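There are 2 protein chains.
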Amino acid sequence: MATIKDVARAAGVSPSTVSRVLAGHPRISQATRERVLQAMQELNYHPNAIARSLVTRTSRTIGLITSRPTEQAFANPFFPEVIRGIGSVLEEEGYNLLLATTHGEDDDYEACMRLFRSRQVDGVILTSSRLGDRLIAALVAEEQPFVLIGRPLDAEGRPVYPEAHWVNNDNVAAAQTAVEHLLSLGHRRIGFVNGPAHWVFTYDRLEGYRTALARAGIPYDPDLVLSGHITQQDGGRALERLMSLPDPPTAIVAVDDTLALGVLDAALRRGLRVPEDLAVVGFNDDPITAWTRPTLTTVRIPVFELGVMAARMLVSILRGQPVRPRQVILPCQLVVRASTVGEGR
Amino acid sequence: MATIKDVARAAGVSPSTVSRVLAGHPRISQATRERVLQAMQELNYHPNAIARSLVTRTSRTIGLITSRPTEQAFANPFFPEVIRGIGSVLEEEGYNLLLATTHGEDDDYEACMRLFRSRQVDGVILTSSRLGDRLIAALVAEEQPFVLIGRPLDAEGRPVYPEAHWVNNDNVAAAQTAVEHLLSLGHRRIGFVNGPAHWVFTYDRLEGYRTALARAGIPYDPDLVLSGHITQQDGGRALERLMSLPDPPTAIVAVDDTLALGVLDAALRRGLRVPEDLAVVGFNDDPITAWTRPTLTTVRIPVFELGVMAARMLVSILRGQPVRPRQVILPCQLVVRASTVGEGR
DNA sequence: CAGCCGTGGGATAACGATTGCACAGGTACC
DNA sequence: GGTACCTGTGCAATCGTTATCCCACGGCTG
Chain C
1 MATIKDVARA AGVSPSTVSR VLAGHPRISQ ATRERVLQAM QELNYHPNAI
51 ARSLVTRTSR TIGLITSRPT EQAFANPFFP EVIRGIGSVL EEEGYNLLLA
101 TTHGEDDDYE ACMRLFRSRQ VDGVILTSSR LGDRLIAALV AEEQPFVLIG
151 RPLDAEGRPV YPEAHWVNND NVAAAQTAVE HLLSLGHRRI GFVNGPAHWV
201 FTYDRLEGYR TALARAGIPY DPDLVLSGHI TQQDGGRALE RLMSLPDPPT
251 AIVAVDDTLA LGVLDAALRR GLRVPEDLAV VGFNDDPITA WTRPTLTTVR
301 IPVFELGVMA ARMLVSILRG QPVRPRQVIL PCQLVVRAST VGEGR
Chain Y
1001 MATIKDVARA AGVSPSTVSR VLAGHPRISQ ATRERVLQAM QELNYHPNAI
1051 ARSLVTRTSR TIGLITSRPT EQAFANPFFP EVIRGIGSVL EEEGYNLLLA
1101 TTHGEDDDYE ACMRLFRSRQ VDGVILTSSR LGDRLIAALV AEEQPFVLIG
1151 RPLDAEGRPV YPEAHWVNND NVAAAQTAVE HLLSLGHRRI GFVNGPAHWV
1201 FTYDRLEGYR TALARAGIPY DPDLVLSGHI TQQDGGRALE RLMSLPDPPT
1251 AIVAVDDTLA LGVLDAALRR GLRVPEDLAV VGFNDDPITA WTRPTLTTVR
1301 IPVFELGVMA ARMLVSILRG QPVRPRQVIL PCQLVVRAST VGEGR
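Chains as they are written, first to last, in my numbering: chain C, 1 to 345; chain Y, 1001 to 1345.
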């Protein structure tokens, strides 16, 4: 493959000049520029990004860290959508996207730090966070450029790192809205089917649930709150346990559509009528929710937009531009369907 | 950040020696090795992958080329699943995964070639192909390492590049099986709702449709075959057109579940009973198909496994190992549900 | 006419690793 | 005791760019 030296020789100039043409340097005469460009064409020259990275100390690549549990959690719609969002920005900014694939729960830490230390990425986007996340702590400590989709909380659930950049959908408000929707329909005993409790988004949604209840003057009943993996199976199990309570709920909020599907399926199997005997609300507006019988009330999350915002932020950071608000919260939207208000179709 | 020279100085050896320790070179004494390792630890040294790439001329990164139309086509389940499959292999092989994000129909060509020419990837995996695909032609011509998920056909649909590496699900057989299933249920007029005709997977599925009909001695009726984008909308439109034929079909095969969903929805709206008035078969076994009413008969495609195989192949190629069979065909599985045989639930 | 400045471009040194070659010292063998 | 070989390590070139410094040249100014 042709190098910058070959081009230089062919054009009768020095490598420096070729480099300057490449960079669009102003102090190059029109004549030389054209000679160089033509030589490039003739030799089918393409600059070696690796060599360039070595000297500029930037890779024009950003990493996407998605830990396995998240991938499961958001399973279908989240992953491709957020990538589409991120990709759409990076593409026009001329950045590459490197995926960190990890196996274990905590391997995202190693994977991410390796990307930075080996200089393969200029910054990263994290697609989710845990309470007291050590990866976030490390990135902050090492001052590595990153943007979090979500928000950083310490192990006790208190907001931390006010300087950090993140973009989040308002999970607290979203869950609150969902619960208030049920309250407005007259429900008073509302079950909450949670995912793994140490994720921030599940934590926040639980928070919204509690807030809504508190505002309505309904005491919090721990028996009504279950937590499991984000699978249809665990959704089903949760329903069984909730319905065998002495005073079972008349409505259930699940933190993810997959869980809600499990709940719904188990409820129907049990012979419950939805929503008459039990109302169900999910999260994410998975396309599938428009097809269940009854269709599923759910909270739409602007995933594509989260990706776009996160990417924009990170690019600004890397450019050294100050990012206007360091944190952005995008609103969610309750999509009311038949699983809470009957035949809405 | 510490470099190899810092480590060398701290350990009282030359950079070469440090490099050899890093590479696990055999002719390094135990004592030196330990001194060097300790120095690395103390300095928190991590080798610069960029610098290494420059001299070794490999990036230990592979690219994933997914053109926008494909992303739409396979929308939900395909994309994350194939990445999971690829990732699971690359992770243990120590390769990175770089995503090529493209906007336009033909931009995948530019994107892919740029990755190669700028030396950012050692090889690529293509997630799909068109008839007479120029990207494939270029990769073959330039002898770049690549694996295709799908198979290469020329503009007229003839197999080409017998040397190329690819892994494919047997779309012809799959479609054939689907049609034969309908034939065995007594259907004689079977509609075919296709995606964009220039994709190989749609081409192959149409091929399977024709083969099955031919074997059953049923003449091919072009009126029964429609082609559009892979959206629910176009599925609905296709149904309308098919059902307004003078002699409408009693069964429909759609090349993708999204299309099948559109067909199903439009059919139900039209007051047709499924499967009594119209049987419907889709492709991909999207989780959603288990939730429609009636549930949707579909063809399950081993997406994760396609990713795994493709990645394994590519890694072998990059290692310089001969790949045993250059082409692999994975079987599909017909999942029979209520949209063809009534209440299967 | 001397000095200065702006323009265009060359020389050279990094950037941080790998690697072929050379070489010192020790051991084994004839 | 000399030669040959093995072991362990250093030297220096190299990968393909960019960046810093510097110089040549021409025109303008005083």
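We put the beta carbon where it would ideally sit given N, CA and C, even for glycine. Bear in mind the structure is a predicted one, so any value in this text is a computation, not a measurement.
Could you give the DSSP three-state label for Y/VAL1336: helix, strand or coil? coil
Around the C-beta of C/LEU278, are 16 or more other C-beta atoms found within 10 angstroms, so that it is buried, or is it exposed? buried
Under the rule that 16 or more other beta-carbon atoms within 10 Å means buried, what is Y/THR1202, buried or exposed? buried
Comparing alpha-carbon positions, which option in C/GLY132, C/VAL255, C/TRP199, C/GLN144 lies nearest C/GLY63? C/GLN144
Answer yes or no: does any C-beta atom of chain Y fall closer than 7 Å to that of C/GLY87? yes
Indicate whether Y/ALA1310 and Y/ILE1028 have their beta-carbon atoms separated by less than 7 Å. no
Can you find a CB in chain C that lies within less than 7 Å of the CB of Y/GLN1120? yes
DSSP-derived helix/strand/coil call for C/SER227: strand
Kindly indicate which three-state DSSP category C/GLY217 falls into: helix, strand or coil? coil
Selection from C/ASN48, C/LEU206, C/ALA178, C/LEU139 that minimises the alpha carbon distance to C/GLY346: With chain C represented from 1 up to 345, any question about residue 346 of chain C goes unanswered, as that position is not in the structure.
With distances taken between CB atoms, is the gap from C/VAL312 to C/VAL89 smaller than 7 Å? It is worth fixing the name first, because residue 312 of chain C is Arg in this sequence and not Val. In this structure, C/VAL89 lies closer than 7 Å to C/ARG312 by Cβ.
Just the C-alpha distance for C/PHE74 and C/PRO80, rounded to the nearest angstrom, thanks. Its pLDDT being 49, under 50, C/PHE74 is placed unreliably by the model, and the measurement read from it follows with that caveat. Looking at the two C-alpha atoms, the distance is approximately 10 Å.
In chain Y, what lies closer than 9 Å to C/HIS229 by C-beta? Within chain Y, no residue comes near C/HIS229; the closest Cβ sits about 16 Å away, beyond 9 Å.
Pull out every residue of the region 1037-1058 of chain Y whose Cβ sits closer than 8 Å to any Cβ of chain C, in chain order. HIS1046, PRO1047, ASN1048, ALA1049, ILE1050, ALA1051, SER1053, LEU1054
Looking at the secondary structure, which residues open and close the alpha helix (DSSP H) in which Y/ILE990 lies? The question about residue 990 of chain Y has no answer here: the residues shown for chain Y are numbered 1001 through 1345.
Where C/VAL179 falls: helix, strand or coil (DSSP): helix
Pull up the distance between the alpha-carbon of Y/VAL1280 and that of Y/GLN1120, whole angstroms please. 45 Å
How would you label Y/LEU1239, buried or exposed, when you count the other beta carbons within 10 angstroms and need 16 or more for buried? buried
Relative to the alpha-carbon of C/GLU163, which residue among C/SER59, C/ALA141, C/HIS46 has its alpha-carbon at the smallest distance? C/ALA141
Nearest by alpha-carbon distance to C/SER339: which of C/TRP291, C/VAL167, C/ILE149 is it? C/TRP291
Taking the Cβ atom as the reference point for each residue, do C/THR33 and C/VAL21 lie within a distance shorter than 7 Å? Contrary to the premise, residue 33 of chain C reads as Arg rather than Thr in this sequence. Yes, the pair counts as a contact, with Cβ atoms nearer than the cut-off.
For Y/PHE1192, which residues of its own chain have a beta-carbon under 7 Å away from its beta-carbon, when the five flanking residues on both sides are left out? LEU1206, TYR1209, LEU1224, VAL1225, VAL1253
How should C/VAL36 be labelled, buried or exposed, when 16 other C-beta atoms within 10 angstroms of its C-beta is the threshold for buried? buried
Express the C-alpha separation of Y/GLY1236 and Y/ILE1301 in angstroms, rounding to a whole number. 23 Å
6 Å CB neighbourhood of C/ILE4 in its chain, flanking five on each side removed: PRO15, VAL18
Thinking C-alpha only, which one of C/GLU110, C/VAL7, C/THR250, C/VAL303 is nearest C/ILE149? C/VAL303
Closer than 7 Å, CB to CB, is Y/THR1101 near chain C or not? yes
Taking the alpha-carbon of Y/HIS1198 as reference, which of Y/ARG1151, Y/VAL1179, Y/ILE1218 has the nearest alpha-carbon? Y/ARG1151
Taking only three categories from DSSP, how would you classify C/ALA211? Residue identity check: residue 211 of chain C is Thr in the sequence provided, not Ala. Here C/THR211 sits in helix by DSSP.
Chain C within 7 Å of Y/THR1297, Cβ atoms only: no
Roughly how many angstroms lie between the CA atoms of C/HIS187 and C/ALA175, to the nearest whole one? 15 Å
C/VAL160 versus C/ARG293, C/LEU54, C/ILE136, residue with shortest Cα-Cα distance: C/ILE136
Segment limits, alpha helix (DSSP H) that includes C/ILE317: 303-319
Separation of Y/ILE1065 from C/ILE83, as counted between CA atoms: 13 Å
Reference C/SER101; option with closest CA among C/GLU92, C/ALA111, C/GLU93: The sequence given here has Thr at residue 101 of chain C, not Ser. Closest by alpha carbon: C/ALA111.
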